[in-house]
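Following: one structure in structure tokens, then a few remarks.
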Amino acid sequence: MMSYIHFPVIAMMTLFLGAFLTVVFGRKSQAVRVFLALLSSGIAFCLICALIKPVLIDGEVISYWMGNWSPVEGYAIGIGYEVDALGLFFALITVFTVLLSCVYSIRYMERDSSLDFYYVLFLMLSGSVLGLVLTGDVFNMFIMIEIMTFTSVGLAAFRNNRAGSVEAGFKYLVIGSLGSSMTLFGVAILYGNCHTLNMAQLSSILAGKLTPSTVMAFALMFTGLAVKSYIVPFHTPAADAYTTAPASISMVFSGMVNKAGVYGMIRLTYMIFRAMDKSSVQLLMVIFGVITMFVGVTMALAQHDFKRLLAFHSISQIGYVITAAGLGSALGLTAGLFHAMNHTLFKGLLFLCAGAVFYATGTTNLDRLGGLSKKMPKTTICFLIGAFSISGLPPFNGFASKWLVYQAVYEKAVTSGNIFYAFATVAAVVVSVMTLASFIKVTQAVFFGQLPAALEDTREVPALMRLPMWIMSCLCVLTGVFYDQVSKWLLMPAANATLNVSDYIDKMMGEGYAAGAGVVNIPAFAPRFSFWNPVLWLLLFVIVLAAFCLAIIGSKGDRAQISAAPEDAVDGKYATFFSGEKSLPSHVSGSDLFWGFKKNWKGYFKVMDDIHSGRVNDYALYVVAAAALVTVFMFGFVR
Amino acid sequence: MEYLKIIFNILVFPGCLFVGAVGLLLAGLDRKVLARMQKRVGPPVIQPLYDFLKLLGKETIVPKAANRKVFLAAPVVGFSALVVTALFLPVLGYRAFEGSADLIVLLYLLTIPAVALIVGGSSSGNPYAGIGISREMVTVMSYELPLICIMLAVARKVGGSSLCFSLSEIAAYQQANGSLLGSVALMPAAVAMLLVIPAEVGTQPFDVAEAETEILEGPLIEYSGAPLAVFKLNTAMKMYIMTTLFSALFLGGLATGVTALDALIQVLLCIALTLICITTVHAVTARLKVEHLFKFYWTVVAGLSALSLVLVWLGF
Amino acid sequence: MIIVNYIASVVLIALGFYVIVSKKHLIKIVIGMSIVDYGINLFIVSTGFNEGGTAPIYKMSEFFRGSYFVDPVPQALTLTSIVIGACVDAMALSLVIKLYKQYHTADSDEIRRLRG
Chain X
2 MMSYIHFPVI AMMTLFLGAF LTVVFGRKSQ AVRVFLALLS SGIAFCLICA
52 LIKPVLIDGE VISYWMGNWS PVEGYAIGIG YEVDALGLFF ALITVFTVLL
102 SCVYSIRYME RDSSLDFYYV LFLMLSGSVL GLVLTGDVFN MFIMIEIMTF
152 TSVGLAAFRN NRAGSVEAGF KYLVIGSLGS SMTLFGVAIL YGNCHTLNMA
202 QLSSILAGKL TPSTVMAFAL MFTGLAVKSY IVPFHTPAAD AYTTAPASIS
252 MVFSGMVNKA GVYGMIRLTY MIFRAMDKSS VQLLMVIFGV ITMFVGVTMA
302 LAQHDFKRLL AFHSISQIGY VITAAGLGSA LGLTAGLFHA MNHTLFKGLL
352 FLCAGAVFYA TGTTNLDRLG GLSKKMPKTT ICFLIGAFSI SGLPPFNGFA
402 SKWLVYQAVY EKAVTSGNIF YAFATVAAVV VSVMTLASFI KVTQAVFFGQ
452 LPAALEDTRE VPALMRLPMW IMSCLCVLTG VFYDQVSKWL LMPAANATLN
502 VSDYIDKMMG EGYAAGAGVV NIPAFAPRFS FWNPVLWLLL FVIVLAAFCL
552 AIIGSKGDRA QISAAPEDAV DGKYATFFSG EKSLPSHVSG SDLFWGFKKN
602 WKGYFKVMDD IHSGRVNDYA LYVVAAAALV TVFMFGFVR
Chain A
3 MEYLKIIFNI LVFPGCLFVG AVGLLLAGLD RKVLARMQKR VGPPVIQPLY
53 DFLKLLGKET IVPKAANRKV FLAAPVVGFS ALVVTALFLP VLGYRAFEGS
103 ADLIVLLYLL TIPAVALIVG GSSSGNPYAG IGISREMVTV MSYELPLICI
153 MLAVARKVGG SSLCFSLSEI AAYQQANGSL LGSVALMPAA VAMLLVIPAE
203 VGTQPFDVAE AETEILEGPL IEYSGAPLAV FKLNTAMKMY IMTTLFSALF
253 LGGLATGVTA LDALIQVLLC IALTLICITT VHAVTARLKV EHLFKFYWTV
303 VAGLSALSLV LVWLGF
Chain Z
19 MIIVNYIASV VLIALGFYVI VSKKHLIKIV IGMSIVDYGI NLFIVSTGFN
69 EGGTAPIYKM SEFFRGSYFV DPVPQALTLT SIVIGACVDA MALSLVIKLY
119 KQYHTADSDE IRRLRG
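Residue numbers (this note's numbering), protein chains in the order written: chain X, 2 to 640; chain A, 3 to 318; chain Z, 19 to 134.
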């Protein structure tokens with residue numbers, strides 16, 4: 002039995018190998034393709050899970066030099082793969098998402114053609130993201146980013162017979178390659194300064210020494226990775242790509258690909274440059290995060306397409322993650338990581354529900370859907386769980402992580418005395434309420450209300466598509482109720498590993514290297530969860546619910562009864578009430594809701610509509626302008 | 003023995019029975035005093051209880067276009083959330099469950115009944131309900147912003163330079179330093195909270211979501227029988243809970259230590275607050291349109307609570 | 019340290035950004051992306067230059083401690099980057115061809131179905 006040191010690389014290579022074998026053998030037969038895809042994602046999942054014990058529980062850091070090129074005289078000369086708790090945290094999210102998406106795609110994609118291309122691109126995307134989170138070399142990370150971008154473009158443009166897919170792919174390519182180019186430029190400057198590409202060695206050399214050229218590198222890499230995380234103003238291709246990609250791929254995009262960008266930003270600021278203790282960098286990240294949250298959710302309120310709305314919500318929730326991770330405190334980092342994990346779960350669930358609606362009805366236009374809960378009840382339940390999770394209602398997981406985020410941001414406000422963070426907390430809560438409003442709109446527009454005549458014969462989606470949805474719903478509930486366990490086993494090791502880089506550096510470069518470069522250790526941190534014991538509350542909830550149900554059901558007989566419409570009821574007392582007028586089915590669709598809110602904000606919505614003009618030149622302008630602003634800010638304020 | 007006490011707490015005091023009874027009393031007093039203000043005689047004070055019992059005996063009809071499970075579950079979910087909230091609010095010094103109250107958690111628990119109303123109305127499939135839930139959601143969006151500013155201001159005032167969201171610490175602070183209503187920095191916040199209470203409870207001028215004359219009770223249009231009774235009970239319970247929250251945040255420091263006396267003083271405080279912020283405002287105003295409601299909350303009320311936040315930050 | 023190379027690469031990158039932001043024709047935008055890539059490649063390979071150094075190709079017998087050669091690592095990075103640039107160009111141009119077939123125009127002002 003080989004040692005677990007080899008598992009990270011094997012997991013990544015299995016996915017790439019699966020892609021290659023699909024090209025060779027999977028041309029003709031769907032069964033071979035599905036088998037290869039399931040096999041590779043399954044193997045990768047098992048291998049990464051096998052790493053939980055050594056890395057998360059025992060606290061070990063796995064270091065692996067490709068080709069056995071170990072450092073010579075304290076200089077890294079090979080490509081190193083290093084798995085610490087932070088990397089494994091994101092790797093677990095990655096392989097989990099890949100496996101569920103693979104299971105979902107089996108039935109979802111059966112009506113599309115050229116499925117061999119689909120599976121090849123899908124497996125390469127998975128392999129590249131897994132490589133990104135496991136690697137310890139900065140240029141290797143850039144390569145993985147590039148593979149990720151190409152395959153994402155291919156998958157976004159996959160359904161090229163539908164309107165807008167190729168356009169979305171092209172915009173994604175232009176903006177994505179702008180981001181990658183900036184990252185490469187930053188890497189080149191770093192190499193010119195430090196003559197090494199290994200993250201551990203860079204971290205010890207750069208050790209707070211910020212010369213003008215390294216500040217330039219920091220600004221460029223920061224912007225490049227921010228483009229990959231799709232924070233505002235780099236979010237424009239994400240909205241298009243998540244809409245046109247097939248739903249199983251949208252789930253992978255929102256669950257995995259932008260987490261890779263977030264992982265990159267955390268590694269860059271917390272580890273390579275170790276700049277998170279500077280208040281200027283914290284302020285920059287929190288400003289980005291707050292703007293992202295707000296723009297994401299207000300744009301979502303104005304959408305007419307189901308998946309585009311979900312895409313904007315994805316952008317908004319990543320704003321929460323960046324805000325929390327950008328605070329620089331241990332509680333903030335824990336909150337950010339928790340929200341990242343929960344986002345994968347509930348947003349993945351929501352995209353899968355959107356895919357189910359598309360599979361059943363053939364449209365995702367909110368103005369043409371309605372009343373689907375009578376035809377697709379199981380999908381409705383899953384969707385409601387996802388919607389309540391993302392809005393942050395107790396006892397789901399969104400509530401636990403958002404509550405931690407509020408605590409972290411307000412604690413930062415109180416300890417630093419800066420009132421900006423207090424307003425950031427207010428903004429976060431308001432954005433959460435607007436998220437709730439947006440999902441009420443979608444629920445009314447798609448699942449409740451009246452069924453249009455065109456959708457009379459929709460049926461529930463197949464069981465193989467429902468299985469990933471059920472798994473994610475259960476996890477949403479479980480991680481919300483047992484979040485202290487999640488924190489103890491997953492989040493605390495990851496947060497501690499990020500804040501204490503000396504273990505990482507020592508494992509990679511040899512004992513004592515970190516101490517020699519002046520890296521100090523921070524004591525381990527345990528977040529306080531004393532005020533919210535969800536198991537107790539859940540018990541109370543259940544007791545009260547049961548008591549009242551008994552009271553209602555107990556009063557049977559002549560006095561009270563519940564009459565529901567029998568199947569052949571024509572009219573009479575079971576028809577909905579229209580004030581006595583005989584009227585056509587009149588359904589309050591999604592665009593008609595929240596008229597009062599939209600009227601007050603007319604000017605803002607007009608400006609936002611003009612900003613999201615759809616022209617690739619405008620989108621590129623936002624990227625370049627924001628890069629320039631970030632560079633000026635860093636030169637001006639980061640010392 | 004412990005479980006018996008817990009069940010007593012949940013079912014009787016301060017759980018279902020106590021909150022339900024005081025809520026219905028407040029609702030009845032509100033109607034009676036409103037009638038007297040309008041030179042009418044008005045219904046008897048226990049009229050809401052008569053309505054509740056009458057509705058329990060009526061037939062419940064589930065319309066054909068409705069989703070049956072969600073339609074019937076929505077009022078019960080709202081009721082459970084309100085009872086859970088009431089269990090964690092202190093009755094002037096008596097706390098049923100120690101050390102588990104947190105302002106942010108309460109804020110989220112208070113949105114659950116509104117969401118239950120919205121989802122229940124949405125699931126009935128009626129277009130009037132669709133309009134009603136849209137207005138209700140805009141109302142929720144309007145009052146959440148000032149409410150969070152108020153809570154942050156109170157938390158900062160009590161906590162000083164450390165984070166304090168716990169209701170027991172707020173009560174202890176007020177016991178030691180006098181009620182927060184007296185501090186200059188939190189006066190605007192108290193006024194803002196008094197304006198938030200009618201919107202949460204859904205009385206005029208902020209009851210555009212359940213406008214009887216326009217959209218025929220909005221989300222509740224298809225409800226009848228026991229579920230409707232539970233929704234009406236929820237509204238009544240919300241009156242009690244919001245006024246208790248106000249007294250916990252701003253009128254602390256009045257605890258005597260004797261549970262029965264505390265409960266009596268709390269009920270009297272709730273009655274006084276109801277008459278001030280719900281009945282009087284109801285009697286002298288007309289209904290606001292939804293866009294004006296939103297503008298009012300996001301300019302005037304949010305401005306007051308933000309002013310309080312800034313003042314507290316500056317150290318007053 | 020060749021100043022001229024560095025200045026030229028920054029000028030190329032800036033030019034490339036300008037082309038992407040301001041030109042309307044899709045193929046010009048793709049050319050702009052390529053110019054950015056070329057500028058970065060020039061930058062990377064210039065960071066490895068050591069004045070008076072030889073090419074980094076040695077037999078094991080000729081290799082000793084004081085050998086002075088230019089840095090081979092940036093050359094490897096540049097090769098990788100050139101290949102990536104070629105792939106990006108290929109993919110972008112194929113997307114442009116598909117777009118032209120669907121929209122019958124290659125003007126970025128017209129290709130705006132997804133917006134708002």
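Think of the CB as a built atom: it goes at the ideal place given N, C-alpha and C, for glycine as much as any other residue.
These figures come from a predicted structure and were not determined experimentally.
Under 7 Å between C-beta atoms of residue i and residue j
i               : j               : result
L91 of chain A  : T246 of chain A : yes
L74 of chain A  : A194 of chain A : no
V296 of chain X : A428 of chain X : no
M13 of chain X  : L131 of chain X : yes
A446 of chain X : S590 of chain X : yes
N366 of chain X : S402 of chain X : no
E61 of chain A  : G180 of chain A : no
L311 of chain X : L351 of chain X : yes
S166 of chain X : T237 of chain X : no
A325 of chain X : A409 of chain X : yes
Beta strand (DSSP E) segment containing residue i, residue limits
i              : result
T62 of chain A : 62 to 64
CB-CB length for residue i against residue j, believed under 8 Å
i               : j               : result
V198 of chain A : Y130 of chain A : Going by Cβ atoms, the distance from V198 of chain A to Y130 of chain A rounds to 27 Å, so no, they are not a contact pair.
V287 of chain X : L328 of chain X : 7 Å
M510 of chain X : A201 of chain X : 5 Å
L211 of chain X : C195 of chain X : Between C195 of chain X and L211 of chain X the Cβ distance is about 13 Å, and since that is not below 8 Å, they are no contact.
P65 of chain A  : S124 of chain A : Between S124 of chain A and P65 of chain A the Cβ distance is about 13 Å, and since that is not below 8 Å, they are no contact.
L269 of chain X : F223 of chain X : 6 Å
Own chain partners of residue i with C-beta closer than 7 Å, once the 5 adjacent residues on each side are dropped
i               : result
I100 of chain Z : N59
F90 of chain X  : L338, L491, A495
V216 of chain X : M635, F636, V639
P469 of chain X : L101, V104, Y105, L353
A220 of chain X : V631, T632, M635
L256 of chain A : L94, I267
R560 of chain X : Reliability fails at R560 of chain X, whose pLDDT of 48 lies under 50, so the model's placement of it is uncertain and no value is given.
Paired residues, beta bridge with residue i - DSSP
i               : result
Y1 of chain X   : Nothing about residue 1 of chain X can be reported from this structure: the residues present for chain X run from 2 to 640 only.
T72 of chain Z  : Z:F87
Y76 of chain X  : X:V73
V93 of chain A  : A:Y96
N179 of chain A : The partner list for N179 of chain A (beta bridge, DSSP) is empty, contrary to what the question assumes.
Host alpha helix (DSSP H) of residue i (start-end)
i               : result
M217 of chain X : 213 to 230
M609 of chain X : 603 to 612
C18 of chain A  : 18 to 39
L353 of chain X : 331 to 362
T287 of chain A : Where T287 of chain A is concerned, there is no enclosing alpha helix (DSSP H), given that its DSSP letter is neither H nor E.
F21 of chain X  : 8 to 26
Residues near residue i by beta carbon distance below 8 Å, same chain, minus five either side
i               : result
V625 of chain X : L179
T276 of chain A : L28, L31, D32, M241, T245
W315 of chain A : R158
W70 of chain X  : I78, G79, I80
P55 of chain X  : Y5, E61, I63
Beta-carbon proximity list for residue i, same chain, < 6 Å, skipping 5 on both sides
i               : result
E219 of chain A : E212
L230 of chain A : L57
L251 of chain A : V156
R160 of chain X : S166
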